[in-house]
Structure formats: C-alpha cells, structure tokens
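Structure follows, in structure tokens:
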C-alpha cells in the first residue's frame, strides 16, 4: 500500500483515484473546483479543495510524505508545469505528470517530473492496434517491450512451447495463457498450444508484429 496524492480531478484523475483506491492505496485527491471532488469522496482517503499552483497550498499537504504525486491537470499546461516544479521543490519523492504532446513532456521532465504519461495517446494507440489486426484481444506497452493477447497460430496447435523452440524462433516469450475464463502465468516448456486459448506474448513490438501479421 502506498500513499498517493492526485492533483487535478478531471476524467483521467477521477479514474486514477478510483483504481488506486481499489488497489488498496491511501489516496488524497485535490482540485480547485469542489464539484469535481463530489463523485470520489466515498472512495478516496481524503479530498481537498485548493489551487496547487500556490506554494502555501501544496506545502500544507506535506507533499514530501507521499510516495507518489500525480499531476493530472488537463487543459492548463502552465499550471501543470508550475505544480510539477513546486512539488519537487517541496521534496516530493516521485512526481508523475500528465502530458498530451511530446513538447509538453520535455518541459515537464526538465522542470522536475520523474515520469510523464500520455493517457489519451496511449489509449488511442492501444485501441488502434487491437482493432487493426485479426485476433488481437488486448495490448500493453512496457517500455521497449509489448504484451499482446492473441490466439495461437494454426501451426502451433498441438505442439509444445519447447517443440516450437518459441523463444529462439520468435524472439519472444509466452507470459501466460487464458482458457475457460482462467488465466495461467509462466507456463512450462511442455505446455501444448490449444486452439481455444488466448496467449499473452511478451517481446519487442517489431518481433511480435511478425507473429500478428500471420493471424
């Protein structure tokens, strides 16, 4: 469990608070508009009204005591930049800021952000990949690696991971598989590919794309 501060409760900030709380974290939500906090009051540990571009407001929250601080201010990039910088000046150990463009990310990183996220871009990319290929059921990026949920190729059916020499042939690994509503992770090399299962394959996107093109 972590202690997390979320500043800016728009659509992304609201969903972030809900998911963080659902995963057992202590969450403080902050927004300068009271109405934005109403929906999440029963969910978060605490909610505060305040303009976080003001140093005294941020200081009153004890930002150095939070494990992670999120800056989710949507339309006011100047405000996002100011809050990010102030958080680091006040000793926040790890700051994650939201951006919509690469140029914003560059300024945020230069002004103290430890990490920058692009929620709108990432969701759009995930959906585009999912609908652009047959039998791709889900997709997630993890740095230079990607995880695809796909159905097995016809040529794999009835053969084992070891028999296919999967890692060497495809430069990727089978992270797990789903069948009958159940997920199993890290299957052993003797696992036999079955037509009705979904596979979770991890590797560099350029390598997994070679598999996806055959689906």
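Residue numbers (this note's numbering): 2 to 216. Here a beta-carbon is modelled for each residue, glycine too, at the ideal position from N, C-alpha and C. Just so it is clear, the structure is predicted and the values come from calculations on it, not from any experiment.
Pick from the options: whose alpha carbon is nearest that of residue i?
i	options	result
residue 5	88, 81 and 39	88
residue 187	175, 193 and 197	175
residue 136	19, 173 and 155	155
residue 52	20, 199, 8 and 93	8
residue 58	20, 160 and 91	91
residue 105	123, 81 and 95	81
residue 56	75, 83 and 40	83
residue 11	29, 25 and 37	37
Can you give the Cα-Cα distance for residue i and residue j, rounded to whole angstroms?
i	j	result
residue 214	residue 167	17 Å
residue 171	residue 192	17 Å
residue 2	residue 23	11 Å
residue 70	residue 129	30 Å
residue 62	residue 197	52 Å
residue 32	residue 17	14 Å
residue 152	residue 65	46 Å
residue 219	residue 202	This structure does not reach residue 219, given that the chain is present from 2 up to 216, and the question cannot be answered.
residue 101	residue 120	8 Å
residue 209	residue 122	21 Å
Between the beta-carbon of residue i and the beta-carbon of residue j, is there less than 9 Å?
i	j	result
residue 111	residue 13	no
residue 146	residue 204	yes
residue 194	residue 160	yes
When DSSP builds the beta bridges, which residues end up paired with residue i?
i	result
residue 205	146
residue 7	30 and 71
residue 48	30
Pick out the complete alpha helix (DSSP H) segments inside the stretch 142-199, 4 residues or longer, and give them in chain order.
Fully enclosed alpha helix (DSSP H) runs of 4 or longer: 162-165 and 167-171.
Can you list the alpha helix (DSSP H) stretches of 4 or more residues lying completely in the stretch 67-145, in chain order?
78-90, 103-111 and 120-133, all fully within the stretch 67-145.
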